[in-house]
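First the structure, in the form of structure tokens, and then the observations on it.
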Amino acid sequence: MQEKLVKCPKCGNSNLYNIYNIIDVDKEYYLRKEVLNQSIFKYECKCGYKTQMFYPTLYKNLSKNFMVEFASKSDASRFKNSLDSFGIPDTNFIFRIVTRPFELTEKILVLESGYDDRIIEILKEMILASTTDKKISYLIFARDKEIEYTFLCLDENNVAKAMIPFRKDLYDSVYDMFYSKLNDNTYVIDQDWAREFLCEVNVWHTKNFLINFVKKIMNIRIRIIQYMIIQRMNLIWLYLVRR
Ligand SMILES: [Zn+2]
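Residues 403 to 645 in the working numbering are what the sequence shown spells out, letter by letter.
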């Protein structure tokens, strides 16, 4: 952890801000919660100004066999290209790159849960394609107190409007259908990746599977929740030289 003086954008005074180049939750478990509720990125000034400031960081959870790099879009693509040139090592270890804060928390939850994040992204995309509510444009895998996991449904302004319970049987059917077709050729597993994958395997032509899938989705009770802002999309990135 490093302390940096960061100027307040409102009053111009400088405040100390803690920056974690590496978040190793096997060593400092308390940081896990701070990442999941994003308080780790909170910046506060005596003048009353509050915001979140994001910076590149590597989230390590070696006991659970995964690492997630959180980076700005440009850093992430540079990083990905240099990693791709080495090739993907043939291990069970999972390494992912994400660029948005909610993707960081979502990726951690998925990888901690032991579910395959590729299957989760495919499942999300298939639910989106099957839903008749066109206001829903994005799903996030999240925890729910009543049921263990859920998908938060976001509209185009990233406002969560509803919850769809996570169903293990749906996950399993998507897993059985696609697992053998997956190839580990990237570190970025997100909505774009899932869309591309589903086009490649031509899922929209495997009609019987899809009809059954849509029927199952129809039976799921979608819970409308109070409007909730998930994350502002205009991120303030602190540009720091990585040591
Ligand atoms: Zn200030």
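Think of the CB as a built atom: it goes at the ideal place given N, C-alpha and C, for glycine as much as any other residue.
None of these values were measured; they are calculated from a predicted model.
Taking its Cβ as the centre, do 16 or more other Cβ atoms sit within 10 Å of residue 411, making it buried, or is it exposed? Against the sequence shown, residue 411 aligns to sequence position 9. Answer is exposed; the Cβ neighbour count stays below 16.
Below 8 Å, is the gap between the Cβ of residue 412 and the nearest heavy atom of ligand 1? Taking the sequence shown and counting its residues from 1, one reaches residue 412 at position 10. Within the cutoff, so yes.
Within the continuous beta strand (DSSP E) that includes residue 427, where are the two ends? Position 25 of the sequence shown, counting from 1, holds the residue named residue 427. Counting along the chain, residue 427 falls outside any beta strand (DSSP E), and DSSP gives it neither H nor E.
For the stretch 541 to 575, which segments carrying the beta strand (DSSP E) assignment without a break, of at least 3 residues, lie completely within its bounds, in sequence order? 551 to 556, 561 to 567
Rounded C-alpha distance that separates residue 422 from residue 430: The count along the sequence shown starts at 1 and reaches residue 422 at position 20. The count along the sequence shown starts at 1 and reaches residue 430 at position 28. Near 11 Å, if we compare the C-alpha coordinates of residue 430 and residue 422.
Hey, is residue 589 close to ligand 1, as in C-beta under 8 Å from one of its heavy atoms? Within the sequence shown, residue 589 is the residue found at index 187, counting from 1. Every heavy atom of ligand 1 is 8 Å or more from the Cβ of residue 589, so no.
For residue 643, collect the residues of the same chain with a Cβ closer than 8 Å to its Cβ; drop the 5 residues on either side in sequence, then sort them by chain order. In the sequence shown, the residue the question calls residue 643 occupies position 241. Confidence at residue 643 is low in this model, with a pLDDT of 41, below 50, so its placement is unreliable and no value can be given for it.
DSSP beta-bridge partners for residue 407? For the purposes of this step, residue 407 is taken as the residue at position 5 of the sequence shown. Answer is 418, bridged to residue 407.
Just to confirm before moving on: does the CB-CB distance between residue 557 and residue 532 stay below 9 Å? Working through the sequence shown from its first residue, we reach residue 557 at position 155. Working through the sequence shown from its first residue, we reach residue 532 at position 130. Cβ atoms of residue 557 and residue 532: not closer than 9 Å.
Could you name the residues that DSSP lists as bridge partners for residue 437? One-based indexing of the sequence shown puts residue 437 at position 35. Its beta-bridge partners do not exist; DSSP assigns none.
Just checking my contact of residue 584 with residue 498 at CB under 8 Å: how many whole Å lie between their CB atoms? The count along the sequence shown starts at 1 and reaches residue 584 at position 182. The count along the sequence shown starts at 1 and reaches residue 498 at position 96. The Cβ separation is near 14 Å, so there is no contact.
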